[in-house]
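Protein chains in written order, with this note's numbering: chain A, 562 to 711; chain B, 562 to 711; chain C, 562 to 711. Each residue gets a CB set at the ideal place from its N, CA and C atoms; glycine is no exception.
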Amino acid sequence: MLDGELISMENVVFRSYIWWCGVLTLKMFAMSILTGLWRFIKATFANPEDLMSPKLKVKFDDPDVERVRRAHRNDLENILPFFIIGLLYTLTNPSTFLAVNLFRAVGISRIVHTLVYAVVVVPQPARALAFFVALGSTAYMALQVVAAAF
Amino acid sequence: MLDGELISMENVVFRSYIWWCGVLTLKMFAMSILTGLWRFIKATFANPEDLMSPKLKVKFDDPDVERVRRAHRNDLENILPFFIIGLLYTLTNPSTFLAVNLFRAVGISRIVHTLVYAVVVVPQPARALAFFVALGSTAYMALQVVAAAF
Amino acid sequence: MLDGELISMENVVFRSYIWWCGVLTLKMFAMSILTGLWRFIKATFANPEDLMSPKLKVKFDDPDVERVRRAHRNDLENILPFFIIGLLYTLTNPSTFLAVNLFRAVGISRIVHTLVYAVVVVPQPARALAFFVALGSTAYMALQVVAAAF
């Protein structure tokens, strides 16, 4: 197959890639909504124009708000690089079985990461494991992309 | 049209997509410049090696610097996922009219978001509206991408 | 060459682009590892469930941890937009010589940025120069992408 032809709904690897991109984007947006919910529940706003009552003051240290924000930032650090590396890895024409399972590993482990970090706090090493499965899988894809460029 | 052929300057949807990617990237870079300007105006630096005078100390709580940084982070959370989802949505061969207007909605509302957040502070719900128009449009595209992957 | 055909290992510009995407993704992941190392060395954890001993408390102001986190955030602000703009710039069929050297400029200057910011602190303007070389190169590509969309 020529490289450009790999970008096709006929290509199972590409379909798997776009599925997880869509799902993980929606998951990341859920972090924004969750941050907003906690801001209202805890009356913790970062901007004067957001304060619902003149009695409130801006506040930056609510533990529930900050926990969701840390989980969200971790998404930016890990999911966003996956979005581009997953596409480029797809263009290296990898084994279908391996590629589909790597995407699945990233997708599921990033959802688990969110659940154990920002929804129901689970003791370590739950979050560390979820973090490293996604990071390891994406790093492997990045190495394959680098190898393909030689 | 075959999927790969959608990545073409002949495709009006793709041209609209790349236009907004270019514009929004430049807009995001403007946030870096604006942060730097405020750091100099307010003499608020985050690193010892950045201090312009031995009398200064590192400072992390200047409201003007932090406001631009919050706006910038919000860009990372919303514009960066749009960059990939907009491309994948283009590859689903959507209606030209709908796609071009969704991209326009994201592009314009993210520029408005920056203006009312970090340039001239406008009372709510200005920022919330701009935020949700872009988030809603991108989430719709993500759902279409997920649907196309079935 | 038709646009879609530019996405090909036969295209030297595309090969250069994917090489730097792979390298810079691995570099960004190194920031996560480095943050983790400093957290252990300085016993500075952001979550109660991460504390290794009941005597520790969560801590958010360790200068070494925060320095790496600032460098990492700067990567998110600059490398992630490059990932998409570099791809779209490749699709504008640019001069091979110019494109390959722009990608090289971004790649090398972002690695230098990390080294002088988060590994061995080098006095300014080292970091500022590295920052502006990458920002300027990516902004030029973004302008070419916008021009191609007219």
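Please state whether the Cβ-Cβ distance between B/Ala708 and A/Leu587 is less than 8 Å. With respect to the 8 Å criterion, B/Ala708 and A/Leu587 are not classified as neighbours on the basis of their beta carbons.
Since C/Ala632 and C/Ala689 are thought to touch, with beta carbons under 8 Å apart, how far apart are those beta carbons, to the nearest angstrom? C/Ala632 to C/Ala689, Cβ: 14 Å. No contact.
May I have a chain-ordered list of the alpha helix (DSSP H) segments no shorter than 4 residues that lie completely inside the stretch 634-701 of chain B? Runs found: 657-675.
Where do the N-terminal and C-terminal ends of the alpha helix (DSSP H) with B/Phe575 fall, by residue? First-last of the alpha helix (DSSP H) with B/Phe575: Val573 to Ile602.
Near C/Phe692, what residues of its chain come up, given a Cβ to Cβ distance below 7 Å and the 5 sequence neighbours on each side ignored? Excluding positions up to five away in sequence, the list reads His674.
Cβ of A/Val694 within 8 Å of Cβ of A/Ser670? Yes. Within cutoff.
Take the Cβ of B/Asp622 as the centre, count every other Cβ of all protein chains shown within 10 Å, and call the residue buried at 16 or more, exposed below. With fewer than 16 Cβ atoms within 10 Å of its Cβ, B/Asp622 is classed as exposed.
Under the three-state DSSP convention, the category A/Pro615 falls into: If DSSP states are grouped into helix, strand and coil, A/Pro615 belongs with coil.
Assuming contact is defined by CB atoms lying nearer than 8 Å, are C/Gly597 and B/Ser569 in contact in what I supplied? With a cutoff of 8 Å on beta-carbon distance, C/Gly597 and B/Ser569 are scored as not near each other.
Beta-carbon separation of A/Leu696 and C/Ser593 under 8 Å? Yes; because the gap between Cβ atoms is below 8 Å, this pair is in contact.
For the stretch 645-652 of chain A and the stretch 575-590 of chain A, state whether three or more C-beta atom pairs, one from each stretch, are separated by less than 8 Å. Yes, the stretch 645-652 of chain A touches the stretch 575-590 of chain A.
So, is the C-beta of B/Leu521 closer than 8 Å to a C-beta in chain C? What is shown of chain B runs 562 to 711, which leaves residue 521 of chain B out entirely.
Would A/Thr675 count as contacting chain B if we go by Cβ distances under 8 Å? So, not an interface residue.
For A/Lys620, which residues in the same chain have their Cβ closer than 6 Å to its Cβ, ignoring the five residues on either side in sequence? Excluding residues up to 5 positions away in sequence, Thr605 lie with their Cβ nearer than 6 Å to the Cβ of A/Lys620 in the same chain.
Beta carbon proximity, C/Trp599 to chain A, threshold 8 Å: By the rule that beta-carbons nearer than 8 Å mark a contact, C/Trp599 does not touch chain A.
Applying the criterion that 16 or more other CB atoms from any shown protein chain within 10 Å of the CB defines a buried residue, is B/Asn662 buried or exposed? Here B/Asn662 is exposed, its C-beta having fewer than 16 other C-beta atoms within 10 Å.
Are A/Val626 and C/Glu610 closer than 8 Å when you measure CB to CB? If you check the CB distance, A/Val626 and C/Glu610 do not come in under 8 Å.
When you measure from the CB of A/His674 to every non-hydrogen atom of the ligand ADP, does any distance come out below 7 Å? The ligand content of the structure shown is nil, which means the ligand ADP is not present either.
Whole-angstrom distance between C/Phe658 and C/Glu571, CA atom to CA atom: The straight-line gap separating the alpha-carbon atoms of C/Glu571 and C/Phe658 is approximately 15 Å.
Since A/Leu637 meets chain B, which of its residues come closer than 8 Å, beta carbon to beta carbon? What A/Leu637 touches in chain B: Leu637, Glu638 and Leu641.
Spatially closest choice to A/Gly583 from A/Pro615, A/Gly647, A/Leu567 and A/Val629, by CA coordinates: Per the C-alpha coordinates, the member of A/Pro615, A/Gly647, A/Leu567 and A/Val629 positioned closest to A/Gly583 is A/Gly647.
Going straight from the alpha carbon of A/Trp581 to that of A/Arg665, what length do you get? Spanning the two alpha carbons is a distance of roughly 8 Å.
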